[in-house]
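Residue numbers (the numbering used here), protein chains in the order written: chain A, 1 to 338; chain B, 1 to 431.
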């Protein structure tokens, strides 16, 4: 079938996105240029090292809402601790114990939080794109804490900080070649993973090569077209052999939508085991955004092993989120509130 | 006896091969006389001065959702037809996915009753199966006598082979077409846009091209098997190159298979979803650039039989939600002509007569609307008077529809409607 047009015709242009409306927002890794990435990494380091009693004056009594439509341990707690570490008041609204259960829309929930004095909203939502809607309706700085299968930008930033600590002596000023020569393999349920999408947008901009690895059902070919510097390598061992870092992902059972997977086969092909790691990537960093399902995508020995930086990622989450919460509240909208 | 004289205009009637300065006299809802400029005496008849304008058969949209009965907060027959008249339309075919579903002669008649306040003619398209559930056929003869001009389960494609086969055969016996919204819904569960790199990037589940083309191919196979020249399959809102290829091939094989394309599938791609713009969400979804280019190619090549808007109004609050939760559809009645002239005619050089034909004579023929889509003496006095060169900006806030869910807000249109005349009455005037 011929799908190529014979004539080259002018067609309507795609208009530039008006997002983010607020410069303090962090909706996607695409919103950040490398200077801003460097700024966030630098502030994370500074804030982490500061005296807690000094640090908590930075956002003293400022109001931050955490709006969570999905369960979360790491992201929610680290955002909350980060905001509190800077002195902000936080309010947690979760879908199961709020009027969201009674059918209140995201727009109305956002407007209500703004009326209650929230100056920024941290949103975790099960629908891709929800932070864009919330930002458009409230015009507040919105921090995307994970939207559906789309993005999780603070996770990518904390993953970056973790990798820089080990691979680049902890530099926090990045440039287009900072990760040149580094291959990062992301393994498993790429299709449903917002962590994978944010990382594959962010890391190649510093020169890293991203290899995606997984079965066809969880890693469609079109993933390689998501951006530059992304390739697919379905042979896990071959991918490991090229990698300085390997990021394991959980199979997102809640998003499989009827897809049947042969778990025994999956484990045989894609589980990160001690022998596999020792043979093909004996010095690579092992990352995992959590939650881990021990014995499925990763064995307990590898998760707890010497190459694992999984808990370091969690610690970095607090530092990175201090920096992005500060950025949200300290970055002024040009020309006042829209 | 009412009469209206349109003087000084350039009459363009592609079906009749007319293209020149003519005066036209409308009387009792019909075209009474056509003559050279100044040849018709006014004798006190109400007169419209069309000097500098084109006078064309009123436009016909064979695919609209008027939402009445049942969802009058989105649209009513009165508001939808007012928008249609503003867009130059003098007739629309209303889809049956109302509440209740229009699957009865009673509802079909109710929709056409004068109490609905329609500004122009409404031709109901009735449900092909009871409740559009795809199980039991309706009585097509009774629906046709009540005024239905085709049958369809639009939005709820008929998946079962035997039901679709029976629908095609039964409709053919009474001279109706079956219009299929071609979507194999078993392949589109939970999907809210086209499947491709864009859906992957946005983290949205996608509808594969094959969900459309597969069902078109199945339907064409059924038409082939029926071996009855009266069988007429019409493919609604074609959006993929593969579906078009199937239609093209079916026609080469001598089958009566026709198709329509919506302006948004000619102009927009899945890239226009942008940052989750719910006014770029419809079904079939905006496709890849390759598919869009194939639509343009096909309409220029004459494979496409009609332009139809799939006007699908939704209230503002229904679209101000998460992309996945937003209903499908956009409005289109006020922008179809302006976009068609701006792009098909001006940019892609399709002759004006062909553009107007795709919007009038051809849909009239597909729905077998006798005496419409042309302005020969004796035809219905359905007329649009327009300035085909005028450029203007469309503002959704000024719409006559109850809804404003359009991706074309702020777009430049070409061709301004001056008057729309429905069966001899002025249904819209721009001043």
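C-beta atoms are modelled at their ideal positions from N, C-alpha and C, and glycine is treated no differently.
Between residue 307/B and residue 90/B, the CB-CB gap reaches or exceeds 9 Å. Considering only beta carbons, the part of the region 169-194 of chain A lying closer than 7 Å to chain B consists of 194, in chain order.
Here the alpha carbons of residue 212/B and residue 205/A stand approximately 38 Å from one another. Among the residues of the region 194-216 of chain B, those with a Cβ less than 7 Å away from any Cβ of chain A are 196, 197, 200, 201, 202, 203, 204, in the order of the chain. With fewer than 16 other Cβ atoms inside 10 Å of its own Cβ, residue 301/B counts as exposed. Residue 149/A reaches chain B at 203, counting residues in chain order whose Cβ is nearer than 7 Å. With the rule of 3 Cβ pairs closer than 8 Å, the region 15-27 of chain B does not count as touching the region 75-86 of chain A.
With 16 or more other Cβ atoms from the protein chains shown falling within 10 Å of its own Cβ, residue 240/A counts as buried. For residue 207/A, the closest of 85/A, 160/A, 194/A by C-alpha to C-alpha distance is 160/A.
Taking a Cβ-Cβ threshold of 7 Å, none of the residues of chain A is close to residue 334/B; the smallest such distance is about 17 Å. In this structure, residue 283/B lies near residue 207/B, with their beta-carbon atoms less than 9 Å apart. Within the same chain, Cβ atoms closer than 6 Å to the Cβ of residue 42/B are found at 5, the five residues on either side in sequence being excluded. Distance from the Cα of residue 431/B is smallest, within the candidate group 386/B, 240/B, 169/B, for 386/B.
Our two residues, residue 299/A and residue 29/A, have alpha carbons roughly 30 Å apart in a direct line. Residue 279/A and residue 308/A have their C-alpha atoms spaced approximately 16 Å apart. The Cβ atoms of residue 100/A and residue 109/A lie closer than 9 Å to each other. Across the structure, residue 19/A and residue 45/B are spaced so that their CA atoms are roughly 57 Å apart.
Residue 206/A carries a helical assignment under DSSP once its states are collapsed to helix, strand and coil. Looking from the CA of residue 118/B, the closest CA among 141/B, 88/B, 76/B belongs to 76/B. Taking 9 Å as the CB threshold, residue 107/A lines the interface with chain B. Judged by DSSP in its simplified three-state form, residue 25/A adopts coil rather than helix or strand. For residue 70/A, the nearest beta carbon of chain B is not closer than 9 Å to its own beta carbon. Taking 9 Å as the threshold, the shortest C-beta distance from residue 325/B to chain A falls below it. Here the alpha carbons of residue 152/A and residue 259/A stand approximately 23 Å from one another. The criterion of a C-beta distance shorter than 9 Å is satisfied by residue 302/A and residue 273/A. Under a criterion of Cβ atoms nearer than 8 Å, no residue of chain B is adjacent to residue 289/A; the nearest Cβ is some 15 Å distant. When Cβ pairs closer than 8 Å are counted between the two stretches, the region 122-132 of chain A is seen to touch the region 69-76 of chain A, the count reaching three or more. What residue 133/A touches in chain B, judged by beta-carbon distance under 9 Å, is 276, 278, 320, 321, 322, 323, going in chain order. Residue range 236-241 is occupied by the alpha helix (DSSP H) that includes residue 236/A.
For residue 127/B, the closest of 210/B, 142/B, 322/B, 96/B by C-alpha to C-alpha distance is 96/B.
In the displayed model, residue 47/B falls within a strand according to three-state DSSP. Against residue 190/B, the close residues of chain A are 257, in the order they occur along the chain (beta-carbon pairs closer than 8 Å).
For the pair residue 193/B and residue 187/B, the Cα-to-Cα distance works out to about 12 Å.
DSSP, reduced to helix, strand and coil, places residue 19/B within a strand of the structure shown. Note on geometry: alpha-carbon atoms of residue 106/B and residue 78/B lie some 19 Å from one another. Counting the other CB atoms within 10 Å of its CB gives residue 13/B a total of 16 or more, which places it among the buried residues.
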